[in-house]
Amino acid sequence: MHRLKINNISKSIKGNDILTGVSLEVKSGEVVGLLGPNGAGKTTTFYCVCGLVSPTSGEVFFDEQNITKEPLHKRALIGVGYLPQESSVFKDLTVEENLLLAGELSIKDKNKRHERIDDLLEMFDIEPIRKQKGVSLSGGERRRVEIARSLVPNPRFLLLDEPFAGVDPLAVKDIQTVISQLLASGTAQEIKKNDLVRKNYLGEDFTF
Numbered sequence: 009m010h011r012l013k014i015n016n017i018s019k020s021i022k023g024n025d026i027l028t029g030v031s032l033e034v035k036s037g038e039v040v041g042l043l044g045p046n047g048a049g050k051t052t053t054f055y056c057v058c059g060l061v062s063p064t065s066g067e068v069f070f071d072e073q074n075i076t077k078e079p080l081h082k083r084a085l086i087g088v089g090y091l092p093q094e095s096s097v098f099k100d101l102t103v104e105e106n107l108l109l110a111g112e113l114s115i116k117d118k119n120k121r122h123e124r125i126d127d128l129l130e131m132f133d134i135e136p137i138r139k140q141k142g143v144s145l146s147g148g149e150r151r152r153v154e155i156a157r158s159l160v161p162n163p164r165f166l167l168l169d170e171p172f173a174g175v176d177p178l179a180v181k182d183i184q185t186v187i188s189q190l191l192a193s194g195t196a197q198e199i200k201k202n203d204l205v206r207k208n209y210l211g212e213d214f215t216f
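Residues in the sequence shown are numbered from 9 upward in steps of one, following the numbering used here.
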């Protein structure tokens, strides 16, 4: 069992305190949700965990390894994945190319890389659009591709920032099912949510 631990992290920008003394521990297979109003620091917390920004103070651990100073790509390689709220599909690339790009650093063996991509295309029901370019995708298709791409390195922890943004209700249910399957396989989810209607969408508790 793996553990991701945030130990008393704080973040200040130009003298303004964005985060103050945030601590959290997540184990493989758990769901932990972050709830709060806009500007509460939820996304900044994710940035500090995944390596997009460095905390002003405090530490981030993967198991017993201190990863506070490790860059984003190294954290991704050891098992910390991140899905941003904003659209991140490369619009000029096909769905397949978007996923393959994510696998070039994390999966060295070409055959295994393609097998992983094929599995994710099927899992997220995006096999029929694998040759479609990102610019032509609907909101639901785009989000499926983004989630699938974040899973290419097979992360042990996946930070989902507003995972259902721009997704229609039917697609939400499908994505919920896939995420539940991931939990069963031991991937932990840390989810930032503003939509209280779906607070218990996986039957788990959320942290304010």
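Beta carbons: idealized from backbone N, C-alpha and C, even for Gly.
Inter-residue spacing [alpha-carbon to alpha-carbon] between residue i and residue j
i: Ser18; j: Pro63; result: 6 Å
i: Tyr55; j: Phe69; result: 14 Å
i: Val40; j: Leu101; result: 33 Å
i: Asn46; j: Val34; result: 23 Å
i: Asn74; j: Gln189; result: 29 Å
i: Lys207; j: Gly44; result: With a pLDDT of only 39 at Lys207, under the threshold of 50, the placement of this residue in the model should not be trusted, and no figure is reported.
i: Arg121; j: Gly111; result: 6 Å
i: Ala60; j: Met131; result: With the sequence shown as reference, residue 60 is identified as Leu, and Ala is not the correct amino acid for it. So the alpha carbons of these two residues sit roughly 28 Å apart.
i: Arg229; j: Leu108; result: Outside the displayed span of the chain (9 to 216) sits residue 229, for which this structure offers no information.
i: Val160; j: Arg83; result: 14 Å
i: Ile26; j: Ile187; result: 30 Å
i: Asp133; j: Val30; result: 37 Å
i: Phe214; j: Pro79; result: With a pLDDT of 42 at Phe214, under the threshold of 50, the predicted position of this residue should be treated as unreliable, though the coordinate-derived value follows. Cα to Cα, Phe214 sits roughly 28 Å from Pro79.
i: Leu178; j: Val153; result: 16 Å
i: Ala48; j: Ser20; result: 13 Å
i: Val103; j: Asp117; result: 20 Å
i: Asn119; j: Phe172; result: 32 Å
i: Lys77; j: Val57; result: 10 Å
i: Val97; j: Ser65; result: 32 Å
i: Glu135; j: Asp127; result: 9 Å
i: Ala38; j: Asp176; result: According to the sequence shown, residue 38 is Glu rather than Ala. Taking the straight line from one Cα to the other gives about 25 Å.
Residue range of the unbroken beta strand (DSSP E) whose run includes residue i
i: Val30; result: 24 to 35
i: Phe54; result: Not the beta strand (DSSP E): Phe54 falls in the alpha helix (DSSP H), residues 50 to 58.
i: Gly111; result: Looking at the DSSP string, Gly111 is not in any beta strand (DSSP E); the run it does join, the alpha helix (DSSP H), is 103 to 114.
i: Glu67; result: 65 to 70
According to DSSP, residues forming a beta bridge with residue i
i: Lys19; result: Leu27
i: Gly174; result: Bridge partners of Gly174: none, in fact.
i: Asn74; result: Phe69
i: Leu91; result: Leu168
i: Lys141; result: Thr102
Whether residue i touches residue j by CB criterion (9 Å)
i: Arg138; j: Leu129; result: yes
i: His10; j: Arg124; result: no
i: Asp169; j: Lys50; result: yes
i: Gly147; j: Asn106; result: no
i: Leu167; j: Leu85; result: no
i: Asn16; j: Glu67; result: yes
i: Ser95; j: Gly23; result: no
i: Ile183; j: Ile155; result: yes
i: Gly89; j: Ser158; result: yes
i: Thr28; j: Leu42; result: no
i: His81; j: Leu113; result: yes
Range of the contiguous alpha helix (DSSP H) that encloses residue i
i: Asp169; result: Counting along the chain, Asp169 falls outside any alpha helix (DSSP H), though it belongs to the beta strand (DSSP E) covering 165 to 169.
i: Ser158; result: 147 to 158
i: His10; result: First-last for His10: undefined, no H or E at that position.
i: Lys120; result: 118 to 131
i: Ile86; result: 80 to 86
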